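Heads up: the sequence shown is residues 483 to 756, going by my numbering. I have placed the structure first, in the form of structure tokens, so that the comments after it can refer back to it.
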Amino acid sequence: MTNNYIHPTPGLPGRLLARLANSRRIATARRAVFSRLPFLTLESDVRDVVYLTWMMDAADAQAMVPVGVRLWQRNGLTPFSILTYRHGHFGPALAGPARRLMPSPLQSNWRFYLEEPGKVYFVRNIMDSALHALGTRMFSDILPTHLPGRFVHAREGEGYFTSIEPGAGSAPLLEARTRANSQRVLPPDLAGAFANWDEAVAFLACQHMAVIEVPGLGRMVESAISLPIPLDEALPLVAESVNCPMAGAGAGTPFCFAVPRVRFRVLSESLAAS
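Laid out in structure tokens, this is it:
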């Protein structure tokens, strides 16, 4: 599945930005420099994290990742998750209190889960800031980010509304409206894979390594992350309406829950051995 960047608005400026975002020469030069420098740990006080998860046909999902990537599956199904959230001053941890001056963009991360415990494979990453979308592409391999034409993620009473509209660009389409739900019950497709609600949430939320294939290299890049989800604070949600073509034709209602806040850290990024 290609992750090339297309700008959401047509025209010469958009084409120039796309060339920068997709430039393999820039990526090669950056790797040559950054491989000799210590990794700059990034930190964010993330809030309003909403998880949407579908159990997809494992064969269909396997076709969306590179050959050799082994997805976790049960009963011929594998989880496909989207988590969308608001950053809280995303920037270098060493900035200390000055990190409060950093921006707080919206982000939506779309991923599959690997057989190796705690690892996820990124298939899409979306941010509402052109600076962050282009910056993550030019200065990192792990987040080939897409910029949508419109991105909304906000609380609505006791629920959330999320809308990602691609415009003319490469961001995927998503529209989801959820509301609070007092029942911690798994839908039938997840009940066949997990013993209970708590086990499903722990599996879907508690990850420590992100993986993606680097275009043109035929190698994986790995990023260690710290995402200490307070499972006792996870809130069950129910989807009132969802439109997500990437989840597949005939995708049913996703399993939903929210995490009000969590401290997120990016600890490292490195190319896997060839």
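Where is the CB? At the ideal position from N, CA and C, for every residue including glycine. Predicted model only: the values in this text are computed from it and were never measured.
{"Query": "Whole beta strand (DSSP E) elements within the stretch 556 to 643, 3-residue minimum", "Result": "559 to 568, 588 to 595, 601 to 609 and 632 to 638"}
{"Query": "Cα-Cα separation between R506 and T484, rounded to whole angstroms", "Result": "14 Å"}
{"Query": "Inter-residue spacing [alpha-carbon to alpha-carbon] between V532 and V602", "Result": "17 Å"}
{"Query": "Beta-carbon gap between R512 and F621 smaller than 8 Å", "Result": "yes"}
{"Query": "Whether C688 touches I707 by CB criterion (8 Å)", "Result": "no"}
{"Query": "Helix, strand or coil at T735 [DSSP, three-state]", "Result": "coil"}
{"Query": "Continuous alpha helix (DSSP H) stretch holding D671: start and end", "Result": "P670 to A673"}
{"Query": "P657 to M609 span [Cα, whole Å]", "Result": "Checking the sequence, you will find Glu at residue 657 rather than Pro. So the alpha carbons of these two residues sit roughly 15 Å apart."}
{"Query": "Rounded separation between L613 and G550 - CA only", "Result": "33 Å"}
{"Query": "Where the beta strand (DSSP E) containing R701 begins and where it ends", "Result": "R701 to S708"}
{"Query": "L749 in three-state terms, based on DSSP", "Result": "strand"}
{"Query": "Selected residue, minimal CA-CA separation from G573, among V696, L522 and M546", "Result": "L522"}
{"Query": "Endpoints, the beta strand (DSSP E) within which T510 is located", "Result": "Unbroken run through T510 is the alpha helix (DSSP H), R506 to F516; no beta strand (DSSP E)."}
{"Query": "Contact set for T660: own chain, Cβ-Cβ below 7 Å, skip 5 residues either direction", "Result": "V532, G641, Y642, L719, V720, A721, E722 and C738"}
{"Query": "Local conformation of V724 per DSSP, three classes", "Result": "strand"}
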